[in-house]
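Please read the structure below before turning to the comments.
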Amino acid sequence: MKRSIRGYILVEAVMAMGLLSVGLVAIQGSMRQSIMTRGIARDYTHVRFLLENILAHIELQPLLTQDSDSGQFEGADARFGWEWEVSKIDLPEPQIPLDIPEEERTRFELQVDYVTKIRATVTWKRSGQEFSETVETIWLPDKLFVPEDEFE
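Residue 59 in our numbering is what sits at position 36 of the sequence shown, and the numbering runs on without skipping anything.
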C-alpha cells in the first residue's frame, strides 16, 4: 500500500509541474504582449509630436507651393521616416436653388474656388511590423502660391 501512495505523489508532482509550466508560458506571452503594446502606444504618442513639428515647420513658411518631400529624422528619432505634401483642392461650384431671391444668392456663392491641403505622414518599424500615422489639414488659399497659368 505504501508503494501506491508514493507513485500517486509522483504523478501529482509531475502534473503540478506540467500545469505550472503551461501557466508560466501563458504569463510570459501576456507579459511580452503587454510590453509590445506599451511600446506601440509610446510610439504613437511620440509620432503625434513629430507630426506637429512637421506641420509647424510648413506653417511657418511665408508662402507655400504645391510640393512634397520625404526623409528620415536624425538622432534619437532615426527609426522614424517622414513625408509631407502640399496640394491644391479645387472646390466645386455649389448648386444654388432657383427659388432663392437674388439678394440671398450671394450668401451661397463661394468666396474662394480652391483650398490648400497639407498632409504629413510618419512611418516607423517596431518588432518587424510597419506602422504609420497621417495627419491632414486644410487652409484657405491665401498661403498657397499658384502660378498664373493654372488660373486659366
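Every residue, glycine too, gets a C-beta built ideally from N, C-alpha and C.
Source: prediction; values computed, not measured.
Residue i to residue j span [Cα, whole Å]
| i | j | result |
| --- | --- | --- |
| E106 | E153 | 15 Å |
| I81 | A99 | 22 Å |
| T129 | P120 | 12 Å |
| A49 | L43 | 10 Å |
| L47 | T60 | 20 Å |
| E4 | Q134 | Residue 4 lies beyond the stretch modelled for the chain, which goes from 24 to 175, so this question has no answer here. |
| R71 | L167 | 25 Å |
| Q95 | W147 | 10 Å |
| D92 | G41 | 57 Å |
Of the listed residues the options, nearest to residue i (C-alpha basis)
| i | options | result |
| --- | --- | --- |
| E97 | T144, L73, L83 | L73 |
| S150 | Q56, S44, V138 | Q56 |
| P170 | I63, K111, G94 | K111 |
| Q89 | R142, S155, V45, Q118 | R142 |
Identified DSSP bridge partners for residue i
| i | result |
| --- | --- |
| I141 | V109, T160 |
| H155 | Per the sequence shown, the amino acid found at residue 155 is Ser instead of His. In DSSP, S155 forms a bridge with T146. |
| L167 | L87 |
CB of residue i within 8 Å of CB of residue j, strictly
| i | j | result |
| --- | --- | --- |
| D122 | D136 | no |
| V158 | L86 | no |
| T139 | P164 | yes |
| E132 | Y67 | no |
| V37 | G104 | no |
Pick out the complete alpha helix (DSSP H) segments inside the segment 75–132, 4 residues or longer, and give them in chain order. 125–131
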